[in-house]
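Asker: Whatever position you read off the sequence shown (first residue = 1), add 404 for the working numbering.
Glycine included, each C-beta is placed from N, C-alpha and C at the ideal position.
Sending over a structure as structure tokens; questions will come in a sec.
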Amino acid sequence: MGNIIIKHSLDDNKFLAMDGEVQGGYLSYALEDKEIYILSIFVDPNYRNQSLAKKLLDECVKFVRKEEIKAIPICSY
Numbered sequence: 405m406g407n408i409i410i411k412h413s414l415d416d417n418k419f420l421a422m423d424g425e426v427q428g429g430y431l432s433y434a435l436e437d438k439e440i441y442i443l444s445i446f447v448d449p450n451y452r453n454q455s456l457a458k459k460l461l462d463e464c465v466k467f468v469r470k471e472e473i474k475a476i477p478i479c480s481y
């Protein structure tokens, strides 16, 4: 497991935790008007205990602040 990079896939409404070509986790969301609904966060068992869920959520928060939208969490993290 190398250097994890968080990528934002606007087309898929996801933030992806990428280890090269391997997806180690994701945060999925739905965007409606000026609200973002955080639907789920998943981290592959091989990538757990590396704070990936937090990193995914941090990137989502940056996006929310930049776009000045309201975040509504539906998943429990």
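Count the other CB atoms within 10 Å of the CB of Ile445; is the residue buried (16 or more) or exposed (fewer)?
Answerer: Within the sequence shown, numbered from 1, the residue matching residue 445 stands at position 41. Buried, by the Cβ-count rule.
Asker: If the criterion is Cβ atoms closer than 7 Å, does the pair Lys438 and Ile410 meet it?
Answerer: Within the sequence shown, numbered from 1, the residue matching residue 438 stands at position 34. Within the sequence shown, numbered from 1, the residue matching residue 410 stands at position 6. For Lys438 and Ile410, no; Cβs fall outside 7 Å.
Asker: What are the boundary residues of the alpha helix (DSSP H) that Glu471 is part of?
Answerer: The residue labelled residue 471 in the question sits at position 67 within the sequence shown. Leu456 to Glu471 is the extent of the alpha helix (DSSP H) around Glu471.
Asker: Output the boundary residues of the beta strand (DSSP E) element that contains Tyr441.
Answerer: As a first step, residue 441 must be located in the sequence shown, where it is residue number 37. Counting along the chain, the beta strand (DSSP E) containing Tyr441 begins and ends at Glu439 to Val447.
Asker: Quickly, what does DSSP pair Leu431 with across the bridge? List them, please.
Answerer: Start at 1 with the first residue of the sequence shown, and residue 431 comes out as number 27. Residue pairing of Leu431 in beta bridges, as defined by DSSP: Phe419 and Ile445.
Asker: What does DSSP give as the partner residue(s) for Asp436 in the beta ladder?
Answerer: For the purposes of this step, residue 436 is taken as the residue at position 32 of the sequence shown. In the sequence on display, residue 436 carries Glu and not Asp. Glu436 is bridged by DSSP to Glu439.
Asker: Can you give me the Cβ contacts of Leu431 inside the same chain, cut-off strictly under 6 Å, excluding the 5 residues immediately before and after it?
Answerer: Within the sequence shown, numbered from 1, the residue matching residue 431 stands at position 27. Excluding sequence neighbours, Leu431 sits near Phe419, Ile445, Leu460 and Cys464.
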